[in-house]
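Okay, structure first, notes after.
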Amino acid sequence: MDEAKIIEGVRGRDEAAFSAAISRYSRLLWVVASRHLPKAGGFSEHDIEECVADVFFDLWQDSERYDPEKGSLKSYLCMLASRKAISRYRRAAQSRVISLEELRQGDEPSFEDALDAQDYGDLYAGIARLPEPTREILMRRYFYNEQPAAIAARMQLPKKEIENRLYRAKKSLSCSLSERYKEVLS
Amino acid sequence: MSYPIDPLEQLSDQELESLAAYEHPITDRSIQGIQGCFTARIAEGAEAGGTAGVPEITEGAGIAQATKAARITEVVPAPAQDAVAGVAGTAQRRPLKRYLVAAALAAAFVVLVGFTNGSRVYALYYQHFGEGAHIAQYVSEIGQSAHDQGFRMEVLSAVNDGDNTYLFVDVTDEAGGRLSEDAVVNRWNMTGSRPLGGGGTSLVGYDPATETATFAVHSISAKPGDSVLFTLSSFMSGATDYSVLADTIDIAQLLAQQEGSFVTRNAREGTSGGLSPKFHDEGRDLSEIKEVLELDALALAIPGFDKAWISNIAYRDGMLHVQLGRDRDRGNVAVWLGLVQRDTGERLDPYYTIGVGQRNEDGLADHEECVFEVDRDALTDYSFVVEGFYYTQVFDGTWEVGFRVPERMDSLVRQVGADIGIGGKTAVVAEVELSPLGLTLRMQDTYQFKGELNIVAAYRDGSSVTINEGEVNTLFHGEDTFTFIRAILDFESIKHLDINGAIIAL
Chain A
2 MDEAKIIEGV RGRDEAAFSA AISRYSRLLW VVASRHLPKA GGFSEHDIEE
52 CVADVFFDLW QDSERYDPEK GSLKSYLCML ASRKAISRYR RAAQSRVISL
102 EELRQGDEPS FEDALDAQDY GDLYAGIARL PEPTREILMR RYFYNEQPAA
152 IAARMQLPKK EIENRLYRAK KSLSCSLSER YKEVLS
Chain B
2 MSYPIDPLEQ LSDQELESLA AYEHPITDRS IQGIQGCFTA RIAEGAEAGG
52 TAGVPEITEG AGIAQATKAA RITEVVPAPA QDAVAGVAGT AQRRPLKRYL
102 VAAALAAAFV VLVGFTNGSR VYALYYQHFG EGAHIAQYVS EIGQSAHDQG
152 FRMEVLSAVN DGDNTYLFVD VTDEAGGRLS EDAVVNRWNM TGSRPLGGGG
202 TSLVGYDPAT ETATFAVHSI SAKPGDSVLF TLSSFMSGAT DYSVLADTID
252 IAQLLAQQEG SFVTRNAREG TSGGLSPKFH DEGRDLSEIK EVLELDALAL
302 AIPGFDKAWI SNIAYRDGML HVQLGRDRDR GNVAVWLGLV QRDTGERLDP
352 YYTIGVGQRN EDGLADHEEC VFEVDRDALT DYSFVVEGFY YTQVFDGTWE
402 VGFRVPERMD SLVRQVGADI GIGGKTAVVA EVELSPLGLT LRMQDTYQFK
452 GELNIVAAYR DGSSVTINEG EVNTLFHGED TFTFIRAILD FESIKHLDIN
502 GAIIAL
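This is the structure we're talking about:
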């Protein structure tokens, strides 16, 4: 079922359309939500599952709020997922003590904000070609917005090594990617 | 203003899965879980009236909450006191046996229509256990069905946490017109490496479009990996409540005409019945009742009520003994006899009741002697009242499905030997078991407890979760097992249980 048919079905609360939407967009929304709800913050797969389900539930409750004139359904759902995840993160933060680093992580503009969306796939591909553990370090730093100290703790590596690997990887990517990336990575 | 384009939109599913693996891995189960959670959200919304007018969702209607809860049977640990072993509770067992049930069992009664079977199963787990993702990984979808008399039974799924196996079962009236939203399982069994050690069933959904009733079944029997046979042999539908005040029967005059005699009770018939709190508080037990009224000394109809009759009556030692006769094959009728003070309307319940006479295959006796503690001189002020409900439709047959019990989910078992207080009495918790599905207490000397039972699980990080809150009333004695169905996340991180103020460290 293509997006146009899904949109049509969603407006009619057709369960097949919702099933199709869930199959089609859940992976994307899962990652969108995961960026804001890290394990280090005490969030589990269950939280992600509920967050993504809530996105579809919002769509079920009020599909008229989606305006095709403003963009694709995919973008609309990503926006909802991001908002819901941030809201969930903040709610959790209110009920426990969080570190300054976590707080910064939650509010820090994400890496992709500084990047044109159409280039994102290329950047991902560039990072994906890097060997481990460098690949994980970059994924965590740029896709999950984790600070070097947090990455070091999670991966049980010295912070200095994380910073070195980030530096070398940026260099390597700068050679293979366009000027735009160099600005972002610098 | 346009929606912002999220750069992640450019990634393929495979790339997204690779990326997710660094933080929260995503699997096909995750997608099913999202679908189930979404479906459950809709159900919750419909139940709360939040999405009124949604055509695919129909809220269960027409059953008062109290009645609904009362028809739930749970945790029947084959007590020695009760002749009914290995069979789910029947309507007649309700009067003084309100089984320990978790609130979750009674909480949700919502129909989910139009979604795929898989998502329905997940939604049911969400509804029933309150959580999904961590349970979903242990759920085994069965999808086996059996037919008899135009009814199709399908065992949808199973999950096991050691002693307990939980099933969701659909019963569909393919012929149509016979199954209503108040359906209840009357008899069932599950056999594996050991006989059914108890359990219960509850109606969790009804789809009027397909006439499908969905039951949750909790079985204390099969072990993980067992090949088991689930057999549904009777279910009922069309519940009708009644309450009849038999004020044309003059109790005192009846006694003057018919003073029944007593005979020695045949203990081999087994002992079943109910106790009042006073009876128990006096340290008494039904097994000490040696004499009962002679059977069928009379057959006095109760005006306005044809489900039972008065088959004997006598007054002895300050007690009014009234024997009710009833058709022992009518497992579909629940009858409670009481006395009502005519001027004040005050209700007097039996001091105890005891089943006598022949028993049907469910262990249901065809007579019940109800004994009231009341002055003989005051009987002129009282009338009989009979109350209960009966099912207009009873379907006996054989619906059998064999399947393999899924692997058990992890659990935490601790021998504790802790004393807990309930309603001024003390019980011993010999062992606790925590699993993602709930808490099981193995208790000693439970006998009868009526009172508040509040159980809170405290996590090491300072958070807590309430497992049970409110009154329980149980009559079983000996070594009993009570299961509280409530999804528990990260049970291994629980530091202690607080049971009515008693701290049980784990």
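The listed protein sequences correspond, in order, to chains A and B.
Per the working numbering, the first sequence starts with residue 2, numbered consecutively.
Per the working numbering, the second sequence starts with residue 2, numbered consecutively.
Glycine is no exception: its CB is placed at the ideal position from the N, C-alpha and C atoms.
Not flagged as an interface residue toward chain B: G13/A, since no C-beta distance is shorter than 8 Å. In the DSSP assignment, R415/B falls within the unbroken beta strand (DSSP E) covering 413-423.
In the displayed model, F44/A falls within coil according to three-state DSSP, outside both helix and strand.
Here I504/B is exposed: its Cβ has fewer than 16 other Cβ atoms, across all protein chains shown, within 10 Å. Assignment of E4/A by DSSP, reduced to helix, strand and coil, places it in the helix class. Residue contact with chain A for P437/B: absent (no Cβ-Cβ distance below 8 Å to any residue of chain A). Cα atoms of D68/A and K6/A: separation of roughly 15 Å, rounded to the nearest angstrom.
Residue-level contact check: R141/A touches chain B, since one or more beta carbons of chain B fall below 8 Å from its beta carbon. Legend: CB atoms of the region 68-85 of chain A lying less than 8 Å from CB atoms of chain B belong to residues K71, G72, S73, K75, S76, Y77, C79, M80, S83.
Cβ contact annotation for E388/B (same chain, cutoff 6 Å, sequence separation greater than five): S244, W337, in chain order. Counting the other Cβ atoms within 10 Å of the Cβ of N161/B gives 16 or more, which makes it buried. Under a 10 Å Cβ-count criterion, K308/B is classified as buried, with 16 or more other Cβ atoms of the shown protein chains found around its own Cβ. Taken in chain order, the whole alpha helix (DSSP H) runs of length 4 or more contained in the region 21-45 of chain B number zero.
Rounded to whole angstroms, the separation of the alpha carbons of A419/B and L12/B is 56 Å. The contact set of A54/A on chain B, defined by CB atoms closer than 7 Å, consists of I35, C38, F39, R42 in chain order.
Annotation: the continuous alpha helix (DSSP H) that includes L30/A extends over 16-37. Cβ neighbours of V56/A within its own chain (closer than 7 Å, five residues either side excluded): L30, L78, L81, A82, K85. In the displayed model, I6/B falls within coil according to three-state DSSP, outside both helix and strand. Apart from the 5 residues on each side of it in sequence, T192/B sits with its Cβ closer than 7 Å to the Cβ of V229, L230 in its chain, given in chain order.
Look at the region 145-165 of chain A: the residues with a C-beta under 8 Å from a C-beta of chain B are Y145. With a minimum length of 3 residues, the unbroken runs of beta strand (DSSP E) contained wholly in the region 184-271 of chain B fall at 185-192, 200-208, 213-221, 228-247, 263-265. The CB of D14/B comes closer than 7 Å to the CB of R28 in chain A, given here in chain order.
Y125/A has a beta carbon lying within less than 8 Å of a beta carbon in chain B.
In the structure shown, T381/B adopts helical secondary structure according to DSSP, grouped into three states. Not one beta carbon of chain A lies nearer than 8 Å to the beta carbon of A458/B. When C-beta distances to chain A are compared with 7 Å, every residue of the region 205-231 of chain B stays at or above that value. Nearest to I314/B by alpha-carbon distance, out of I250/B, A335/B, I290/B, S277/B, is I250/B. Along the region 129-140 of chain A, the positions whose C-beta sits under 8 Å from a C-beta of chain B are A129, E137, M140, read in chain order.
For E347/B, there is no enclosing beta strand (DSSP E), as DSSP marks it with neither H nor E.
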